[in-house]
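The structure appears below as structure tokens.
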Amino acid sequence: MVPKPHRVLLDRVSGYADEAAAYVRRRRALRRPFARLYYRGGRAEDHAADSIAGGELFVAAGRLIEVAGRRPKA
Amino acid sequence: MGGILAEMADGETSTTISGDAAEAALAYLAEMSPDLRGAAILDAAGSVLAAGGDADRWGEDAAALFDVADRAGGEAVEQVHVGTEQGEVFALRHAGLAAVAVTDRFALSSLTFFDMRSLLRDLAAGGNGVPDGP
Chain A
71 MVPKPHRVLL
81 DRVSGYADEA
91 AAYVRRRRAL
101 RRPFARLYYR
111 GGRAEDHAAD
121 SIAGGELFVA
131 AGRLIEVAGR
141 RPKA
Chain B
18 MGGILAEMAD
28 GETSTTISGD
38 AAEAALAYLA
48 EMSPDLRGAA
58 ILDAAGSVLA
68 AGGDADRWGE
78 DAAALFDVAD
88 RAGGEAVEQV
98 HVGTEQGEVF
108 ALRHAGLAAV
118 AVTDRFALSS
128 LTFFDMRSLL
138 RDLAAGGNGV
148 PDGP
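Chains A and B, in that order, are what the protein sequence lines are. Residue numbering for the first sequence follows my numbering, beginning at 71 and increasing consecutively. Residue numbering for the second sequence follows my numbering, beginning at 18 and increasing consecutively.
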């Protein structure tokens, strides 16, 4: 029996959603701390945590995270 | 230390921005960004126009971040994005203003920067960071 057209569409959307969810899970598991700077013209620069500039950026960011505090759970 | 935008390359806003407008912009940013923990908006001199919490601390720490970032690359940065285990920090200079935001981990960076840029653009144009209705 030929599946109803809306069934095909639903299956396809579910497939994409599953793929996306798996991608996000992998990305979260693999993601490491980073410090990235962007300049006019589109240039971007990464600074490793163990570099001098990277270390300073992480310290400065850490102070801002401290100021912002924790978000109350909804 | 000079103003937070002392090395700003894209010019300063000629509009005087009220604290109320900046507060409204910040509230709108919080409404649009479910991952947001806190944020601040600063003027060209580094004065805090609006902040979620201790304004003095926000001002000092935002200036320190921009200072470190400018020195790291040898030129004025436009955007800073630092991701740590504890959260993420976004900082942006635009239209003679600056915004700093702290979010939970894994916030969508392009959307966060887009929202921050939109509200700074609107504030610089004399609005309150909140787009007009449809």
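Where is the CB? At the ideal position from N, CA and C, for every residue including glycine.
Problem - Through-space distance from proline 73/A to valine 137/A, alpha-carbon basis - result: 56 Å
Exercise for the section: Please classify aspartate 60/B: is it buried, with 16 or more other beta-carbons within 10 angstroms of its beta-carbon, or exposed? Expected result: buried
Problem - Cβ distance (whole Å) where alanine 41/B is taken to contact valine 147/B below 8 Å - result: 6 Å
Handout entry: Residues bridged to glutamine 103/B (per DSSP)
Key = Answer by DSSP bridge pairing: none, since glutamine 103/B is not bridged.
Practice task
Determine which residues share a DSSP beta bridge with threonine 15/B and list them.
Solution key: An answer regarding residue 15/B cannot be provided, because it is not within the stretch 18 to 151 covered by chain B.
Problem - Below-8 Å beta-carbon distance, alanine 118/A vs any chain B residue - result: no
Practice task
May I ask you to report which of helix, strand or coil DSSP gives histidine 98/B?
Solution key: strand
Exercise for the section: Taking arginine 110/A as the reference, give the member of Arg122/B, Val65/B, Gln96/B with the closest Cα. Expected result: Gln96/B
Practice task
Taking 8 Å as the threshold, find out whether the stretch 79-89 of chain A comes into contact with the stretch 44-53 of chain B through three or more Cβ pairs.
Solution key: no
Handout entry: Minimum Cβ-Cβ distance from arginine 106/A to chain B less than 8 Å
Key = yes
Practice task
Quick one: residues in its chain with C-beta nearer than 6 Å to the C-beta of alanine 23/B, no 5 flanking neighbours on either side, listed in chain order?
Solution key: Residue confidence for alanine 23/B is low, a pLDDT of 48 falling below 50, so the modelled location carries little weight and cannot support an answer.
Exercise for the section: Identify the contact partners of arginine 96/A in chain B, using a Cβ-Cβ distance below 8 Å as the criterion. Expected result: Under the 8 Å cutoff, chain B gives no residues; its nearest Cβ is about 12 Å from arginine 96/A.
Problem - Buried versus exposed, by CB contacts within 10 Å (16 or more), alanine 118/A - result: exposed
Exercise for the section: Using a Cβ cut-off of 8 Å, pull out every chain A residue sitting near phenylalanine 131/B, in sequence order please. Expected result: By Cβ distance, chain A contributes nothing, its closest Cβ being about 13 Å from phenylalanine 131/B, past 8 Å.
Handout entry: DSSP state of leucine 66/B mapped onto helix, strand, coil
Key = strand
Exercise for the section: Tell me, please, whether the CB atom of glutamate 115/A is closer than 8 Å to any CB atom in chain B? Expected result: yes
Problem - Endpoints, beta strand (DSSP E) assigned at leucine 107/A - result: 104-108
Practice task
Determine, using beta carbons only, whether alanine 91/A comes closer than 8 Å to chain B.
Solution key: no
Practice task
Using alpha carbons as the reference points, say which of Ser35/B, Val99/B, Ile58/B, Ala39/B lies closest to alanine 122/B.
Solution key: The question names alanine, yet the displayed sequence has arginine at residue 122/B. Closest option to arginine 122/B, Cα to Cα, is Val99/B.
Problem - Nearest-angstrom Cα separation, counted from glutamate 92/B out to glycine 112/A - result: 13 Å
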